[in-house]
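Only one structure is covered here, and it is reproduced in the block below.
Residue numbers (the working numbering), protein chains in the order written: chain S, 35 to 148; chain A, -11 to 101.
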């Protein structure tokens, strides 16, 4: 069974540009989470989807970040316009709806904003 | 607010036991987790413990939970060079469906031959 995949693995963009990160959860997992780790700081929760609905987006830093999960399958996280402080590693995780003690993580996308 | 703290570095000799400690502040924590991140890899769940348990053992791993002191530890017996990685402590205060995790900074474990 394929695990959680994320694309791209690395992205280097200039300040002011737009970047879209993609996460493909494990097939059948209704829960999808986004987290971010900024260098030197702890991993922080960004938001949680249940199927296509945003259950909790309390961790989203500001309105430059837009997450979508159309159809309840893969999710995208768009940063527009990117700022220097958005640099970090963005992790996606998924879990089944009813048995959700474990979140399965993707390898992360390393975003560098210059 | 919620906070999870860990020491940043630990160095042990191969064959010794490693003990990684973590403290948390959220008294409503329901599940506490240990994740491992090897260089260049994603986050891998090692083990987790429910808050009504004191101890959980899984092969070389032993998790101890002191709920009164809000202290969690991970003991790795017979530490091997392949155990070198960053170990993250995380907790969730939710018993519902939204298991958003609150993380520590991670402890970098170096195993010397």
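Cβ coordinates follow ideal geometry from the N, Cα and C atoms, glycine included.
Here the structure is a predicted model, which means the values were calculated and not measured.
- Counting only the Cα atoms, residue 75 (chain S) lies some 15 Å from residue 118 (chain S).
- Shown here for residue -5 (chain A): same chain residues with a beta carbon closer than 7 Å to its own, the five before and five after excluded, namely 9, 95 in chain order.
- Identification of chain A residues near residue 106 (chain S) by a Cβ-Cβ cut-off of 7 Å yields none; the smallest Cβ-Cβ distance measures about 15 Å.
- A straight-line Cα-Cα distance of about 8 Å links residue 90 (chain S) and residue 80 (chain S).
- The C-beta of residue 38 (chain A) has fewer than 16 other C-beta atoms within 10 Å across all chains shown, which makes the residue exposed.
- Spatial neighbours of residue 11 (chain A) in its own chain (CB-CB distance under 7 Å, excluding positions within 5 residues in sequence) are listed in chain order as -7, 58, 59.
- Taking residue 138 (chain S) as the centre and dropping the five residues before and after it, the same chain places the C-beta of 37, 38, 60, 127, 128, 129 closer than 7 Å to its C-beta, in chain order.
- The DSSP assignment places complete beta strand (DSSP E) segments of no fewer than 3 residues inside the region -4 to 57 of chain A at -3 to 1, 6 to 12, 19 to 25, 31 to 38, 43 to 46, 49 to 54, in order along the chain.
- The straight-line gap separating the alpha-carbon atoms of residue 46 (chain S) and residue 146 (chain S) is approximately 5 Å.
- Here residue 85 (chain S) really is in contact with residue 64 (chain S); their C-beta atoms are around 5 Å apart, less than 8 Å.
- In the structure shown, the three-state DSSP call for residue 104 (chain S) is helix.
- Distance check between residue 46 (chain A) and each of A:22, A:31, A:76, A:79 places A:22 closest, using alpha-carbon atoms only.
- Cβ neighbours of residue 52 (chain A) within its own chain (closer than 6 Å, five residues either side excluded): 43, 61.
- Following the DSSP letters along the chain, one finds residue -7 (chain A) inside the beta strand (DSSP E) bounded by residues -8 to -6.
- Contact between residue 17 (chain A) and residue 79 (chain A) holds, with the beta-carbon distance rounding to 4 Å and staying under 8 Å.
- The beta carbon of residue 91 (chain A) is closer than 7 Å to those of -8, 76, 78 in its chain, skipping five residues each way along the sequence.
- Residue pairing by DSSP places residue 82 (chain S) opposite S:67, S:90 in a beta bridge.
- In the structure shown, the three-state DSSP call for residue 122 (chain S) is strand.
- Counted as a single uninterrupted DSSP element, the stretch harbouring residue 60 (chain S) is not any beta strand (DSSP E), since DSSP gives it neither H nor E.
- Across the region 70 to 87 of chain S, CB contacts with chain A closer than 7 Å involve 76, 77, 79, 82, 84, in sequence order along the chain.
- For a Cβ distance threshold of 7 Å, nothing in chain S lies close to residue -3 (chain A): the least Cβ distance comes to about 14 Å.
- Counted as a single uninterrupted DSSP element, the beta strand (DSSP E) harbouring residue 112 (chain S) occupies residues 109 to 113.
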